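There are 4 protein chains.
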Amino acid sequence: MIIVMKSGAGRQELAEVKKRIRELGYKPHVIHGATRNVVGAVGDERGKAVLQSLQSLSGVDNVVPILKPFKLASREVKPEPSLVEIVPGLSVGGDEFIVMAGPCSVESEAQILQSAHAVKAAGARLLRGGAFKPRTSPYSFQGLEEEGLKLLAAAREETGLPIVTEVVNPRDVELVARYADVMQVGARNVQNFALLKMLGQLDKPILLKRGMATTIQEYLMSAEYILSEGNRRVILCERGIRTFETATRNTLDISAVPVLKSQTHLPVIVDPSHATGHARLIAPMSYAAVAAGADGLIVEVHPRPEEAASDGPQSLKPADFAAMMKKLAAYAEVAERSLATGD
Amino acid sequence: MIIVMKSGAGRQELAEVKKRIRELGYKPHVIHGATRNVVGAVGDERGKAVLQSLQSLSGVDNVVPILKPFKLASREVKPEPSLVEIVPGLSVGGDEFIVMAGPCSVESEAQILQSAHAVKAAGARLLRGGAFKPRTSPYSFQGLEEEGLKLLAAAREETGLPIVTEVVNPRDVELVARYADVMQVGARNVQNFALLKMLGQLDKPILLKRGMATTIQEYLMSAEYILSEGNRRVILCERGIRTFETATRNTLDISAVPVLKSQTHLPVIVDPSHATGHARLIAPMSYAAVAAGADGLIVEVHPRPEEAASDGPQSLKPADFAAMMKKLAAYAEVAERSLATGD
Amino acid sequence: MIIVMKSGAGRQELAEVKKRIRELGYKPHVIHGATRNVVGAVGDERGKAVLQSLQSLSGVDNVVPILKPFKLASREVKPEPSLVEIVPGLSVGGDEFIVMAGPCSVESEAQILQSAHAVKAAGARLLRGGAFKPRTSPYSFQGLEEEGLKLLAAAREETGLPIVTEVVNPRDVELVARYADVMQVGARNVQNFALLKMLGQLDKPILLKRGMATTIQEYLMSAEYILSEGNRRVILCERGIRTFETATRNTLDISAVPVLKSQTHLPVIVDPSHATGHARLIAPMSYAAVAAGADGLIVEVHPRPEEAASDGPQSLKPADFAAMMKKLAAYAEVAERSLATGD
Amino acid sequence: MIIVMKSGAGRQELAEVKKRIRELGYKPHVIHGATRNVVGAVGDERGKAVLQSLQSLSGVDNVVPILKPFKLASREVKPEPSLVEIVPGLSVGGDEFIVMAGPCSVESEAQILQSAHAVKAAGARLLRGGAFKPRTSPYSFQGLEEEGLKLLAAAREETGLPIVTEVVNPRDVELVARYADVMQVGARNVQNFALLKMLGQLDKPILLKRGMATTIQEYLMSAEYILSEGNRRVILCERGIRTFETATRNTLDISAVPVLKSQTHLPVIVDPSHATGHARLIAPMSYAAVAAGADGLIVEVHPRPEEAASDGPQSLKPADFAAMMKKLAAYAEVAERSLATGD
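Residue numbers (the numbering used here), protein chains in the order written: chain U, 19 to 361; chain S, 19 to 361; chain L, 19 to 361; chain Y, 19 to 361.
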């Protein structure tokens, strides 16, 4: 921490700051500047938000943190990238560029099976589908719940694709974990710390989506909640942030991919469907994602988007998905990643 | 819903849109425009996000919702303002301007009792204090949990002030409800729908804070989750939104107060502490809040902010709070609100 | 400046940073930390953005500025508030709360005279009106230009109200200055440095509006452009920033008022019309502005808003403006400001 | 335009709206809805912001524009993409992916010549360099002005690279046009309409950067200012928007590329340097840009970034630029674009 004194602060105010720094277990170190003094608080400041309270002292202009507050997620602590294993033989964060695909919501057996076969044929390695849906409106379709999980399991049985599905309530963690291969935390729950702590105690990979207004630093702190409970299998996912622009549903923060990869060892994938809200933008954003260094994608694909119970406008038709996968493979090759498309 | 056709869309594409509108249970009504056609879908569109799926049809340029999607929270449905009773004789949303005050976290018996006496003496009508703290970092102080609730209850016993405290986990709803007079939902949980649904089944007032990136419409949909479960005692709270400006912790969206009050019958209070992050901005923002038409405030007050376990920089000292309350009463009078300060 | 070294940086990288700091005319001062070193660059860093280039050195993690980069606008340099004189006997920044009012655009002689008489009768002290209009669309009404300035001058002649009007092109500065008492710089031109420099050479007060995405620090740097050319009569104006919220045209950053007043000695007024875009929000936001400590307002008033050539939806009718002024005077009294309403 | 009536609006209020629509030259068309009526105003609404004034009528809830307000920039008006010729044999918007590169500011003859040779050798087709610099602080280096233009011309002479350079003041348009091959409008001037109108009268290509808080629709309206004056050679440039995220200088809105290309026929390039502010993010964002469908790039390259007078931290070293160009060529090939790297 750097404590910046006011330009008019006197000797006594400086002494008070130094005393308080010592009380908090740090060593003060003063730099006498041209127009004001600054005081370094030497010690491991991570997790010591309490130093922020120095700002209440008279004579203090500002308190500037120097260290990043996350540890287990940090590249400084673990420089080599983490490989998150989904099932034996399938990992995210390695050479293979991993595509997860499927409908927004599980709606019926026919719909999920048709989706699963289609995305598998095109090269997807996981099937996505929502059984518990967090919807803005209480009057919207809320998901098939356990029935949806059973249909996902049936689709896995038929196709061999592992499944990724969202959990929204700590109460349902155990239930969802009985069916899911990867537990997804949605953007709205990125700071649902009660949920994160429970997922930290599971032995399952977690797909943690960035929130709409979550800074990269806060996002890594949320990952840290899971990691610090013992579960090291966290996959990050950039899915668009909220900005003033309304031409897209959110604004895909593509530079978050290399920024995250420089700060953390965890794998990073991209969700172009929620980021843009428009089916016709999914392909260009998917190409951009692999070129920017992402480790994979999660994409909404629906057999008949115009009849989808949710997110129809941002779902690809199977044929468009298959065409995109072909071109994606060519981009992946330039990025030195493997991506096998179905046939 | 208004469905805007592309300028080049032909007769067949228009027919397809009309057919699909009818299938969804609406009546299509075409306006033939100078450069393109638009189609109105006549019917009660609330809760019918499914109309959005029309956007996937070829020939459709855009789908524009006309109706606001909330019902029970709406002023159109209930034009007169709602009075939310806290305890007999104390309500939010009426003539009295209600101030809730106290520390961010409950830290010790001495701290919470000292706070309670101080804020009561200055005219606060409820005591705030956190026992379950949602913290960005897993390494930060997470609250005293049930012990904190007990200390709050002791402070209520001593001062007679009802207490408002946060619940973050659906699992803890019953526990917190045993102690709290008002259950608070924090900004991070504004779209934690599992939590909202449980609170909708309680017979207790709920203080629902706006999220950092929640639009006013989404915010009212979250209130609708509680209302639609049967609990009509919801108090809204503007607490700052996330913007590009870093001089303040968040940006207090003061115009949200009259906007909310024109769209909903629910009472609206303001949290100047979290909105600004700086103790010296609390008084001017509190005056602005009452002048803008708010029904009350929730303010952080701590006996010794420089030693606070959380949010020290944005907590008022008791003497500063008392001074602010005096001036606030004068502003309240102009706003035709009563506000009794302690003595 | 504080230069934060990477945790793995070695002795040689540190030596390189120290050498470069000395070359730039500063004194390096190293704090040896627990996990990494930081280096203070001692000297007057203002205007020395060149220190940022240190970030390109290997071993440097981050460069953190400590000093605020503005001088002449700063409260540290000039602690007492500045009074900006408009005409003898009329100043902004003192005890009187100053209201400027009038139509968005000057449209006709009848319209501007009617407006001028109406706003004067209600207590406004300056007449606003646009002759050069910066419009988003090239096909929108662009203002009456010099003819508009002449009509404003005629309205001043009739009512005695000084006039504030916008200049958008450096080429027109001289022309506008022949008519205007206060030269307005609109939000879109807040970083039109060529224009600011020319206005810095005038002997006229400048009303400098904040831009839609201008941080408070950048805003004060723009004021500094005018001040550093010799013109010390700058009035600041918060007029809403761009955020994700669409219920209002912009988001009025009301906390910018006390933040600005703590950082600069310049007076600060508020424009509730552009900030909100809705006539019905002008009164509550005006009350909030005076309560938050603003020195005045600039408000759009039009005799017939439904026929206005621009900004009709955010213009008050004269009767509504007069009613607002009455209540505003009561709020001003609590804020210890004088505000004489017409009669 | 769609005029949405309030749910309680009566027959007379509807009649008033219809009358006013007719007065403005449109044909009203009413849809009688389940809970409220909406009125379509049939006619070419572009450039008719005046319809917005209907919002001031009692009984009107909201006014929703249907048509996009730009014409000449629109794909609906001109479906095929525009090729903007820089010099004979060199165009932006066609098969070739065009890279413009060079230092932020022209600092000296040696610096600009060295830069020019380096970027040419690596495959850049234009040389960028600023002679007039819009700087946030009046105390920062403001550019060499005409001397800088002469040095750019000398570099063109030596290398054959056409030059792109910024103009910030309408007064300097003629001067800059004597030297520049492409006139650049910076982000801060995207709504400097006086400047845009003058550039619209030139016979030179214009590189128009998006502003930090400019929506895509506003951005295309700014292009329309240039086009409507007669100059059809406009190149658009996404360079990052301002959001809450501070890990990058701005947030590169990569989805703006396909969105712009679907709405306009004008070419679109990307500026990864200003978008991110960090040299190490330039390569991944450049790859993302070509994959997303951009027509080119403008990149900052400096022989010694750590000594740059401006923007050092976001400038590539020549060797890193050359390495990036090699990989960029491979991505361009997948995107079916040609990109010749130097050797």
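Beta carbons are placed, not taken as given, at the ideal position from N, Cα and C, and that holds for glycine.
From a predicted model like this one, the values you see are computed outputs, not experimental measurements.
A distance below 6 Å between beta-carbons, with the five flanking residues on each side excluded, links residue 290 (chain L) to the following residues of its chain, in chain order: 300, 303 and 304. When the beta-carbon positions are compared, residue 343 (chain S) and residue 359 (chain S) come within less than 7 Å of each other. Taking a Cβ-Cβ cut-off of 8 Å, the neighbours of residue 75 (chain Y) in chain L comprise 324, given in sequence order. In the DSSP assignment, residue 70 (chain L) forms no beta bridge with any residue. In the three-state scheme derived from DSSP, where H, G and I count as helix and E and B as strand, residue 92 (chain S) is classed as strand. Residue 262 (chain S) has its alpha-carbon roughly 12 Å from the corresponding atom of residue 265 (chain Y). By the C-beta criterion, the segment 54-63 of chain Y is judged not to be in contact with the segment 313-325 of chain L, since fewer than 3 inter-stretch pairs fall below 8 Å. Remark: C-beta atoms of residue 194 (chain L) and residue 185 (chain L) approach each other more closely than 7 Å. Look at residue 318 (chain U): its C-beta is not under 7 Å from any C-beta on chain Y.
In this structure, residue 226 (chain L) keeps its C-beta atom at 7 Å or more from the C-beta atom of residue 191 (chain L). Taking a beta-carbon distance threshold of 7 Å, residue 276 (chain Y) counts as an interface residue toward chain U. Residue 137 (chain S) is a Cβ neighbour of residue 120 (chain S), given a cutoff of 7 Å.
With respect to residue 115 (chain L), residue 278 (chain L) sits apart: the two C-beta atoms are not nearer than 7 Å. When only Cα atoms are considered, residue 131 (chain Y) and residue 176 (chain Y) end up about 8 Å apart. Of all C-beta pairs linking the segment 322-329 of chain U to the segment 323-334 of chain Y, fewer than three are shorter than 8 Å, placing the two stretches out of contact.
Within its own chain, the residues whose Cβ lies closer than 7 Å to the Cβ of residue 53 (chain U), once the five positions on either side in sequence are excluded, are 25, listed in chain order.
Contact between residue 217 (chain S) and residue 239 (chain S) does not hold, since their C-beta atoms are separated by about 15 Å, which reaches or exceeds 8 Å.
Contact between residue 134 (chain U) and residue 173 (chain U) holds: their C-beta atoms lie close to 4 Å from each other, under 8 Å. About 40 Å separates the CB atoms of residue 187 (chain U) and residue 336 (chain S); that is not less than 8 Å, and the two are not in contact.
Taking a contact as a CB-CB distance under 8 Å, the pair residue 249 (chain L) and residue 284 (chain L) does not count as one, their CB atoms being some 12 Å apart. Residues of the segment 27-54 of chain U that bring their beta carbon within less than 8 Å of a beta carbon in chain L comprise 47, 49, 50, 51, 52, 53 and 54, in sequence order. For the segment 117-149 of chain S, no residue has a beta-carbon sitting nearer than 8 Å to a beta-carbon of chain L.
Closer than 9 Å at the C-beta level to chain S, one finds these residues of the segment 293-313 of chain L: 293, 294, 296, 298, 299, 301, 302, 303, 304, 305, 306, 307, 308, 309, 310 and 311. In terms of Cβ geometry, residue 23 (chain S) and residue 69 (chain S) do not form a close pair [threshold 7 Å]. Annotation: residue 206 (chain L) to residue 230 (chain L) spans about 8 Å, alpha carbon to alpha carbon. Around the beta carbon of residue 71 (chain U), 16 or more other beta carbons lie within 10 angstroms, which makes this residue buried. Taken through DSSP and simplified to helix, strand or coil, residue 268 (chain L) comes out as coil.
Rounded to the nearest angstrom, the gap between the Cα atoms of residue 97 (chain S) and residue 347 (chain S) is 28 Å. In this structure, the straight-line span from the alpha carbon of residue 78 (chain Y) to that of residue 21 (chain Y) is close to 7 Å.
Interface residue (Cβ-Cβ distance to chain S less than 7 Å): residue 330 (chain U) is classified as such.
In the structure shown, residue 282 (chain L) adopts extended strand secondary structure according to DSSP, grouped into three states.
For residue 308 (chain L), same chain residues with a beta-carbon under 7 Å away, outside a window of 5 residues either side, are 115, 346, 349, 350, 353 and 355 in chain order. Nearest in C-alpha terms to residue 58 (chain L), of all of L:274, L:312 and L:38, is L:38. Along the segment 228-249 of chain U, the positions whose C-beta sits under 7 Å from a C-beta of chain S are 230, 231, 236, 239, 242, 243 and 246, read in chain order.
For residue 70 (chain S), the chain U residues whose Cβ falls inside 8 Å of its Cβ are 330 and 331, in order along the chain.
Remark: C-beta atoms of residue 117 (chain L) and residue 315 (chain L) approach each other more closely than 7 Å.
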